[in-house]
Amino acid sequence: MSNLRIPGPTPCPPEVLQAMSWQMINHRGPQFAGYLNEVTEGLKTIFQTRNDIFLLSSSGTGGLESAIVNTLSPGDKVLGVSIGVFGDRLASIAKTYGAEVIPLKFEWGKAADASAVAGALKANPGIKAVLVTHNETSTGVTNDLASIAKVVKSAGKLLLVDAVSSMGSINLPVDEWGVDVCVTGSQKGWMVPPGLAMVSVSPEAWKACEEAKMPRFYFDFLKAKKYAEKGQTPWTPCVSVVFGMTVAIKMMLEEGLPNIIKRHERIANMTRHNAIKLGLELFADEKYASNTVTSVHANKGLDGKLLNKIMREEYDVILGGGQQVLEGKIFRIGHLGWVDEKDIDAVFAALKEALPKAGFKGA
Ligand code: PLP
């Protein structure tokens, strides 16, 4: 088996893969209703919320689209906080549906500054919602969402959060922080193949939903709620991914959320420490470095693309590259979901040999 160390899709435990091969069942029958309720309840524990949670058959981006179209109307002003590719994506979904996006961009590799968010909200009192990425996978930076949320909620704005690569791995207490719509995806910390977006919807988001005029059909929260009450989804769901989720959620609840969070922290620290020991330079601001993905500069002679090729072909270790302007400039090591120290040891044993082959002169 390859050592798949991209920040999603992540490796799946054999128990999850086995569940994915269960025979099909009636998605409108009692057995499926049981699974759906079980997964939804488990998700509430991990999201640390009493809000509604819906399972949408789509990748994470569909979940992000659902957050926008269910809470906003064309012409609404939103603050698009962005520290990388996924912050930009969330803003561009809002723009596509006719929102007036006021961008608040920060240098890639750095976190968003809560006081700048406060400043932007003060300067633009008509803003209805703030869009934020909790963990920016493209740069390996985790925003201080607690501080940002405090600013946003004390200003009375809606808070729509992309937690695709953080929820279930990094602490994100939805109710305590007041996140109105929170989105994640099955292929990240959940140890399940791609196919499900999972979203929580707060009472305030429901209020916004009553007035929201953006067009929506497939990702309609009202339809999702009506069907969830019957233990169903409005449309045929990706049944096998839900099977996988039943097993993964059980495993996660057994490990316990605080332990999962600690394991991610420990493994991320180990990854950063080992990278520095090899003479590599970390890309993300140290204070906000992500516990699910580590981004590393491809500098000191290092050809990042060649490194990933050598790692894949000679060591069967699959690393992530840089995205957009970071292509070739960084490489990324994913450490979320089903991961332990041995996986990271194997990455660094391979890196030690592969780095000089890819031109690295920093050791
Ligand atoms: N947001 C973040 C932070 C992500 O990491 C990703 C995927 O990498 C997405 C959104 C998009 O999710 P998907 O590719 O599942 O649509």
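Here my numbering runs 133 ahead of the position in the sequence shown, where the first position is 1.
In this text, a Cβ means the ideal position worked out from N, Cα and C, and glycines have one as well.
Within 10 Å of its beta-carbon, does Ile409 have 16 or more other beta-carbons around it, so buried, or fewer, so exposed? By the neighbour-count criterion, in which 16 or more other beta carbons inside 10 Å mark a residue as buried, Ile409 falls on the exposed side.
Any heavy atom of ligand 1 within a distance shorter than 7 Å of the CB on Pro370? no
Report the rounded CA-to-CA distance for Thr379 versus Lys255, giving the unit in angstroms. If I take the Cα positions, the gap works out to 44 Å.
Report the rounded CA-to-CA distance for Trp339 versus Glu486, giving the unit in angstroms. 54 Å
DSSP-derived helix/strand/coil call for Asp185: Correct three-state label for Asp185: strand.
Report yes if the CB atom of Thr425 is closer than 8 Å to the CB atom of Asn268, and no otherwise. yes
Assumed close pair Thr275, Ser248 - CB separation to whole angstroms, cut-off 8 Å: The Cβ separation is near 18 Å, so there is no contact.
Residue interval of the alpha helix (DSSP H) (run including Val218): 218-229
Considering only residues of the same chain and omitting the five flanking positions on each side of Gly412, which have a CB-CB separation below 6 Å? Gly495, Ala496
For the beta strand (DSSP E) that Val426 lies in, which residues bound it at each end? Unbroken beta strand (DSSP E) run through Val426: 426-430.
I'd like to know whether the C-beta atoms of Thr369 and Tyr360 end up nearer to each other than 8 Å. Taking 8 Å as the Cβ cut-off, Thr369 and Tyr360 do not qualify as a contacting pair.
Nearest-angstrom Cα distance between Asn184 and Gly175? Asn184 and Gly175: Cα-Cα distance of roughly 13 Å.
Report yes if the CB atom of Ala244 is closer than 8 Å to the CB atom of Tyr421, and no otherwise. yes
Limits of the unbroken alpha helix (DSSP H) element including Asn402: 390-410
Between which two residues does the alpha helix (DSSP H) harbouring Leu212 extend? Looking at the DSSP string, Leu212 is not in any alpha helix (DSSP H); the run it does join, the beta strand (DSSP E), is 210-215.
Residues of its chain near Gly434, where Cβ-Cβ distance is below 8 Å and the 5 sequence neighbours each way are ignored: Gly492, Phe493, Lys494, Gly495
How many Å lie between Lys438 and Glu419 at the Cα? Distance between the alpha carbons of Lys438 and Glu419: 24 Å.
Considering only heavy atoms of ligand 1, does any lie closer than 7 Å to the CB of Thr194? Distance from the C-beta of Thr194 to the nearest heavy atom of ligand 1 is below 7 Å.
Touch test, the stretch 373-393 against the stretch 227-234, Cβ-Cβ under 8 Å, three pairs minimum: no
When the Cα of Met347 is compared with those of Ser135, Thr194, Ser199, which residue comes out closest? For the residues Ser135, Thr194, Ser199, the minimum Cα distance to Met347 belongs to Ser199.
Can you tell me which of the three DSSP states Phe464 falls into? strand
Secondary structure of Pro258, DSSP reduced to three states: coil
What did DSSP end up calling Ser248 once you bin it into helix, strand or coil? helix
Give a single yes or no on whether Phe219 has its beta carbon closer than 7 Å to a heavy atom of ligand 1. Yes, ligand 1 has a heavy atom inside 7 Å of this Cβ.
Nearest by alpha-carbon distance to Cys145: which of Val374, Met331, Ala401 is it? Val374
Rounded to whole angstroms, what is the Cα-Cα separation between Leu150 and Gly377? Their backbone Cα atoms lie some 7 Å apart in a straight line.
Are there 16 or more other CB atoms within 10 angstroms of the CB of Pro489, so buried, or fewer, so exposed? exposed
Quick check on this structure: which residue in Ser423, Gly461, Thr404, Val285 has the alpha carbon closest to the alpha carbon of Asn432? Of the listed residues, the one whose Cα sits closest to Asn432 is Gly461.
Backbone secondary structure at Ala371 - three-state DSSP: Note that residue 371 is Cys in the sequence shown here, rather than Ala. Looking at Cys371 - three-state DSSP - the assignment turns out to be coil, as it is neither helix nor strand.
Taking the alpha carbon of His468 as the reference point, which residue from Glu148, Asn257, Trp323, Leu459 has its own alpha carbon closest? Comparing Cα-Cα distances from His468 to each of Glu148, Asn257, Trp323, Leu459, the minimum goes to Trp323.
Suppose you measure from the CA of Ile443 to the CA of Gln320; what does that come to, to the nearest Å? 25 Å
Pick helix, strand or coil for Arg161, following the three-state DSSP scheme. DSSP places Arg161 in coil when its eight states are reduced to three.
Let me know if His397 comes out buried or exposed under the rule of 16 or more other beta-carbons within 10 Å of its beta-carbon. buried
From this set, Ile466, Asp478, Ala482, Ala483, which residue's C-alpha is nearest Met143's C-alpha? Correcting the residue identity first, residue 143 is Thr in this sequence and not Met. Per the Cα distances, Ile466.
Residues sharing a beta bridge with Lys359, DSSP: Looking at the DSSP assignment, Lys359 forms no beta bridge with any residue, so it has no partner.
Residue range of the beta strand (DSSP E) that includes Glu486: Where Glu486 is concerned, there is no enclosing beta strand (DSSP E), although the alpha helix (DSSP H) it sits in stretches over 474-490.
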